[in-house]
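Let me begin by presenting the structure, written as structure tokens, before commenting on it.
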Amino acid sequence: MTEFVIQSEQAYAKVWNKARKRQRLHSFLKGLLFLLPSILLFSVFLFYPLAKTIYLSFYLTDASGATTVYVGLENYKQLFISPIFQKSLEVTFLFVVYTVPGTIVISLFLALLANEKLKGIGIFRTIFSSTMGISVAAASVFWMFLFHPTIGWLNQMLATFGVDSIGWLTDPDWALFSVSISTIWMNIGFTFLILLGGLQSIDRYLYESADIDGAGYFYKLRRITIPMLSPTLFFVITVSFINAFQTFGQVDMLTRGGPQNETNVIVYSIYQEAFMNYKHGAASAQAIILFILILLLTFIQFKLGERKVHYQ
Amino acid sequence: MSHIEMENLKKTYDHQQNVLDGINLEISEGEFFVLVGPSGSGKSTLLRMIAGLEEISGGLLKMNGNVVNHLRPKERNLSMVFQNYALYPHLTVEQNILFGLHARKVSKSEQKKRLMETAEMMGLGDLLKRKPKQLSGGQRQRVALARAVVSQAPICLMDEPLSNLDAKLRAHMRMEIKRLQQQLGLTLVYVTHDQVEAMTMGDRIMVLHDGEIQQVGDPITLYNEPANLFVASFIGSPKINLTRAKVQDNQLYITDELKIPLRDTFLPKKELIVGIRAEHIQHATDETATHELEVITVEHLGNETSITFSVGNDYWTAKWIGQWQLKAGDKVKVSLTEEYLSFFDPVTEELIQPARVHAKEDEVVAI
Amino acid sequence: MRMPIYQKLTFYALLVVSAFLVFAPAIIALSMSFMSNQEIMMGNWLPSSLTLDNYVHVLENSRLLHFFINSLIVSLVIMLGQLTLSSLSAYAFVFINFKGRDLLFFIFIATMMVPFEASIIPNFQTIRDLGWMNTYSGLTIPFFAMAFGTFLLRQSFKQIPKELKEASEIAGIGDWKFFLTVVLPMAKSSIVTLGVYGFLTSWNMYLWPLLATTDDTTRTVQIGLRQLQSQEQLNDWGMIMAGAIIVVLPTLILLFLGQKKLQQGLAEGALK
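First to last, the sequence lines map onto chains Y, R and F. Under numbering that gives the first Met the number 0, read the first sequence as residues 0 to 311, first letter to last. Under numbering that gives the first Met the number 0, read the second sequence as residues 0 to 366, first letter to last. Under numbering that gives the first Met the number 0, read the third sequence as residues 0 to 271, first letter to last.
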């Protein structure tokens, strides 16, 4: 054996390099193996469809969704002169404006309340987070009744104050507002839960030292809570924006996009175009616009947030 | 057979050159070898290279004469004890000890036999069913050791295993680890930043600084003949007293007033750095006194007293047996003679000449 | 610090009022599910007597129970699929060192930017062409890969001291065994959190089951509710509410049990 034992570094270099390469290849393959299921599914159900959507958006399609004629940017051009799509964009933006600030403000208020160390606070926390466990379909059923023109609670309450009843879901002036109200309610649970988590991770000592200085509740709120919570707030604002852009279920349940397209938000519009009118090409163009909108939004928020958010 | 050789071993990272620069070393079978150095010296990196957890950038690592650079950790047949013990928190002590044996395909009956032996040796018999969380720091440490013992690997690596324990327990575990190593005949490579651990446990010590070997030797040699200023000040507590000095007309001028005559010492340099250990600044009677020094502070340790003197722009610390009632500003008579001094080159910082008389002979005198 | 009593009272008052407002739609629905239709039409606020007729009615006259079981199967399968895939990829991102790992992680994170709606049309075509319409596969498999889950578990795996991995490398324990016997048990809490989250979101899924089911075989409870609502012409409110209550019961119970964990887990995954 002794003759074959490699003793000099030069002679050994070859063997060693080979072994090193083999080990690196080995861990590379092992890493890929662990990631393979996810990569595979992401490819089939995310990357491929994304590319396919872009591809489809340049074509006309038949009823089965197969491409027929290449039309270039025609689908996009049509969209931007289509009054229905413009309405849909407008509705979507209005919907965002109605729901995002409302959700954040109400959830923050609830989270601040529920962050106090009081007896029985656990029950309140559970109640505030409960809407997270209520599905869009069930929540829509609840609100459908509240919005009911004759027996619904909202109109009954108005009646007790002598106010005329409102066509919550049927009046074009009110429908989007009503859907927004129900959406805020549905989103409170999740947003509240995240904000409460953020509040609870703020170091207690910060408050104790402020107490020693004799700071009041609102001073502490402005100077400690909000700055320390800013990363969490930033996160929930981003998520709320994205969620608002992706809203579908409550529109489908409550108004089917009506009346007069007043609640025809972009995802509902995509759904109708693709699966009711079987125009996969035109619907794909809309989907790409939605994708770009969300991408831009995330990007802008990130750029803005980077500067303003206070990270520990 | 379990000796380790390193030939010109190197470690470089992309962003940092020469984390370890050309380490040549031989660790023989059954030796307790300590790697000591301040944090960032590269000692843990070297240990992890031996373990195979860190890739070797250059040079050869041999075990029993065979190059093992390319072998994976499990193929090197060694065990390792980590600073944080690396116990699996969701497993019981027994499962923790046996965890690695499953992988080594040790038979069930053999596992059981080894578990019993090890548990008895480490005094863990009553704790086998407990989870790490339910153990004290010292018990956790023992489980970590048991895991190394049970593997029966001939080489054991330890990375600062005692630094999470309090001082009392640490002293006790030092002894226990030493006993274990001797009992099992392990080749033990032990990393620490604590020179006391290094001195008390090691058969041989390697002092590492900035990725380079400063000195390798047995504890007493390192203490008595430190190869350079770094080793001199790193080894020994309190720290060796170091002062710049000049040689003129067979006199060593530590300050203009404080001079020591040189009779038997020939020094090639005009300027040098003088080192003297705390125990070599000796109290003197009127007859034996060579100098008088001013006391700055006094610390009582019970059985001995540590006294700081002002010497020129430096402070020197002396350590005297017994309790000395002194106070700041007192002038004390001491004896400072050339045979207790070590001399270092001020430029290269290398040792020129070690002290000729050492603590050992001193103690004999004391008795 | 002790709170002055008036401040305490203010907090309790605000809490009670907010709790009532937040819970009102659900309470009203619950109360209605016990009322007869006559009572509902009269605009009563509370049931005069607790009747379970609505529940019996909805279970007998619709296929809600069948949909309920479908939803249970779909949600459980998605949950398990997500846990498996997320934990496998999180393990690779934390414990296996290989070239291109950072790039892959970046790609994973980037997938969070792609809204499901942007790929829903081709996905629908894929499912249809695979013959997966009205099958559990079609309803579940597209949701197995999950960037958020991977991210959340990666955070949790990173808490595991790397010495544990090194110790097992020295002992010769392979990645697979380390994953199964050390990493998964140690990250149990995060896995439960992710499981609860996955179950909740799958149970409440709406758009995809609407597209991927054309008959009752694998239709989920949410779409069942949609059917119930549109078929009944909004007349039998008591029965619809009973159906809605049945639909939200499992998720509400899950949420009540796991609220604390979910809150910690989600905050962790979201912010680190």
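We put the beta carbon where it would ideally sit given N, CA and C, even for glycine. All values derive from a computational prediction rather than experimental measurement.
Task: Run of the alpha helix (DSSP H) containing K332(R), from where it starts to where it stops - done: It is not in any alpha helix (DSSP H) - K332(R) instead sits in the beta strand (DSSP E) that spans 330-334.
Open item on the list: I'd like to know if V4(Y) contacts chain R, where contact means its C-beta is closer than 8 Å to some C-beta of that chain.
Closed with: For V4(Y), the predicted model reports a pLDDT of 47, less than 50, meaning its position is unreliable; a value from the coordinates is still stated below. True, the Cβ-Cβ gap to chain R drops below 8 Å.
Open item on the list: In the DSSP output, what is G216(R) paired with across the bridge?
Closed with: Residue pairing by DSSP places G216(R) opposite I204(R) in a beta bridge.
Open item on the list: Run through the DSSP bridge pairs and tell me what P260(R) is partnered with.
Closed with: Q250(R)
Open item on the list: Between S164(Y) and chain F, is any beta-carbon pair separated by less than 8 Å?
Closed with: no
Open item on the list: Check for me: the alpha helix (DSSP H) holding H65(F) runs from which residue to which?
Closed with: Counted as a single uninterrupted DSSP element, the alpha helix (DSSP H) harbouring H65(F) occupies residues 63-94.
Task: Pick from S201(F), N69(F), F142(F) that is closest to M131(Y), judged by C-alpha positions - done: S201(F)
- [ ] Compute the Euclidean distance between the alpha carbons of S162(R) and H192(R), then round it to the nearest angstrom.
- [x] Each residue's alpha carbon lies about 9 Å from the other.
Task: Under 8 Å from the C-beta of R100(F): neighbouring residues of chain Y - done: G30
- [ ] Put S27(R) into one of helix, strand or coil per three-state DSSP.
- [x] Residue state, collapsed to three classes: coil.
TODO: Round the Cβ separation of I280(R) and A327(R) to the nearest angstrom and send it over; I've been treating them as touching at under 8 Å.
DONE: Not quite, the Cβ-Cβ distance comes to about 17 Å (not below 8 Å), so this is no contact.
TODO: Please decide whether A113(Y) counts as near chain R, where near means a Cβ-Cβ distance under 8 Å.
DONE: Closer than 8 Å to the CB of A113(Y) there is not a single CB belonging to chain R.
- [ ] Identify which residue in T231(Y), L253(Y), Y11(Y), T67(Y) has its Cα closest to the Cα of D170(Y).
- [x] Restricting attention to T231(Y), L253(Y), Y11(Y), T67(Y), the CA atom closest to the CA of D170(Y) is found in L253(Y).
- [ ] For chain Y, find out if any of its Cβ atoms is closer than 8 Å to the Cβ of V66(R); answer yes or no.
- [x] yes
Task: M187(R) - containing alpha helix (DSSP H), residue span - done: The question names Met, but residue 187(R) in the sequence shown is Leu. Element bounds for L187(R): not the alpha helix (DSSP H) but the beta strand (DSSP E), 186-191.
Open item on the list: Please report whether the beta-carbon of G194(F) lies at a distance below 8 Å from any beta-carbon of chain R.
Closed with: no
Task: Buried versus exposed, by CB contacts within 10 Å (16 or more), R113(R) - done: buried
Open item on the list: If you measure between the beta carbons of S177(Y) and I120(F), is that distance less than 8 Å?
Closed with: no
Task: C-beta neighbour in chain Y for S118(F), strict 8 Å - done: yes
- [ ] Might you give, ordered along the chain, the residues of its own chain that have their beta carbon closer than 6 Å to the beta carbon of C155(R), omitting 5 neighbours on each side?
- [x] S78, A147, L185, L187
- [ ] Report the neighbours of H69(R) on chain Y: residues whose CB is nearer than 7 Å to its CB, in chain order.
- [x] V14, W15, A18, R19
Open item on the list: At the 8 Å Cβ level, is F334(Y) part of the contact set with chain F, yes or no?
Closed with: The displayed coordinates of chain Y run from 0 to 311. Any statement about residue 334(Y) would go beyond what the structure contains.
Task: Proximity below 8 Å, CB of Y90(F) to CB of F178(F) - done: Contact flag set, yes.
Open item on the list: Counting only beta-carbon separations shorter than 8 Å, does K7(F) have a partner in chain Y?
Closed with: K7(F) counts as touching chain Y.
- [ ] Have a look at Q194(R) and L35(Y) and give me their C-alpha separation to the nearest angstrom.
- [x] 50 Å
TODO: Just the C-alpha distance for Y204(Y) and L117(Y), rounded to the nearest angstrom, thanks.
DONE: In a straight line, the C-alpha of Y204(Y) is about 19 Å away from that of L117(Y).
Open item on the list: Assuming contact is defined by CB atoms lying nearer than 8 Å, are L282(F) and S70(F) in contact in what I supplied?
Closed with: The structure shown does not extend to residue 282(F), since chain F is modelled only from 0 through 271, so no value can be given for it.
TODO: Take the Cβ of E298(R) as the centre, count every other Cβ of all protein chains shown within 10 Å, and call the residue buried at 16 or more, exposed below.
DONE: exposed
Open item on the list: Using a Cβ-Cβ distance cut-off of 8 Å, determine whether Y135(F) contacts chain Y.
Closed with: no
Open item on the list: Please tell me whether I95(F) has its Cβ less than 8 Å away from any Cβ of chain R.
Closed with: no
Open item on the list: Counting only Cβ-Cβ distances shorter than 8 Å, please list the residues of the stretch 9-25 of chain F near chain Y, keeping chain order.
Closed with: F10, Y11, L13, L14, S17, A18, V21, F22, P24, A25
Open item on the list: Among the candidates Q247(R), R129(R), S334(R), whose CA atom is the shortest distance from the CA of E291(R)?
Closed with: A check of alpha carbon separations from E291(R) across Q247(R), R129(R), S334(R) identifies S334(R) as the nearest.
- [ ] Apply the 10 Å Cβ neighbour rule to V16(F) and answer buried if 16 or more other Cβ atoms are within range, or exposed otherwise.
- [x] exposed
Task: Three-state secondary structure assigned by DSSP to V310(R) - done: strand
Task: 8 Å Cβ cutoff, Y12(R) in contact with chain F - done: Nearest CB-CB separation between Y12(R) and chain F: not below the 8 Å threshold.
TODO: On a CA-only basis, which of Q22(Y), D210(Y), I287(Y) is nearest P72(R)? Give me that one, please.
DONE: Among Q22(Y), D210(Y), I287(Y), the Cα nearest to that of P72(R) belongs to Q22(Y).
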